[in-house]
Each structure stands twice: as C-alpha cells, then as structure tokens.
Amino acid sequence: MRRLIAAPEASPLIGGALAGSPEARALSQAIASHRALVGAAFQRMAQKVTRDAATDAPLTLLAAQARWIAAAHAELDALHASDAFLASQAKVVAAAVALRAAEAAAAAAWCVAHALPTRAEVDDLARTVAALR
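In the working numbering, the protein residues as written are 792 to 924.
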C-alpha cells in the first residue's frame, strides 16, 4: 500500500499538471483521514498507558515497555479489525488508483500531442512482435 500511495508523488506529472487535480486532492484527503484515524488510536493507547501508570506503583523500564507494547498491540488489533479502518484503507487505495489512471491518461495525451507512441501503442506493438516470433 505504501508503494501505491508513494509512487505517484515521485512522478513529474504530479508536481505539475496533476498537482491540483481532483484525484490528487482526493488522495491527499484520504491519506489525511486515514492518518487521523491511526493518530486517534495512538492517542487512546497513550491515554490508557498514562492512566494505568498514574494508578500503579512505579515500574521498571522493562515492565513499562511491556505495558506500552501490550497496550499498543491491543489498540492496533482493535483498530485493524474495525470497519472504519478497513473503509479508510479502501478509500486510500481507490484514490491512489484513480490518481494513477489520471496520470496514465495525462501521459498518453502528452505523447499524442508530441507525436510519440502511447503506452497502449507500445504494448500492442510488443504483443504483435511476440506473436510473430
């Protein structure tokens, strides 16, 4: 998922022609809402650890680390099983795929405008050459 989201940002089309596109804005919004969801889970986990630490006797470093890890695992397990998390991930992936499609369309339009073969034409040529072998 990280590659799917990060790859379009590396494209020169995103920095230029598609930077303000609806697809780029949708991806940014989807990523922001997903990060907010994960951030809220992290805050809940930190609050639980803080509450527990305030009521218990002082812990050793290893015991405090074990408590932190256990709380993180519990919160992340609950988060990953939630419908909100799955819907958020689906929204991010759908927005990233839509941006990739817009990027491909922009690249094809640029190729046509400059009398260069498009990706589809190169793919057709490769299939034809492979079939002739």
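Backbone N, C-alpha and C fix where the C-beta goes; we use that ideal spot for every residue, glycine too.
Values in this document were obtained by computation on a predicted structure and should not be read as measured data.
- In this structure, S819 keeps its C-beta atom at 9 Å or more from the C-beta atom of A893.
- The closest CA to that of R835, considering only A817, R910, L870, is found on L870.
- Around the beta carbon of A832, 16 or more other beta carbons lie within 10 angstroms, which makes this residue buried.
- Note that the C-beta distance between H825 and S873 is not below 9 Å.
- Around the CB of A875, fewer than 16 other CB atoms lie within 10 Å, so the residue is classed as exposed.
- By the neighbour-count definition (other C-beta atoms within 10 Å, threshold 16), A911 is an exposed residue.
- V913 counts as exposed, since fewer than 16 other C-beta atoms from the protein chains shown sit within 10 angstroms of its C-beta.
- Between V883 and the set A810, L828, A808, L809, the nearest pair of CA atoms involves L828.
- Of the candidates A896, E814, A810, the residue whose Cα lies closest to the Cα of A887 is E814.
- Taking each of A897, P908, T841 in turn and checking the Cα distance to A855, the smallest one comes out for T841.
- Straight across, the Cα-Cα distance linking D843 with A900 is about 59 Å.
- According to the DSSP assignment, G830 belongs to the alpha helix (DSSP H) that extends over 813-846.
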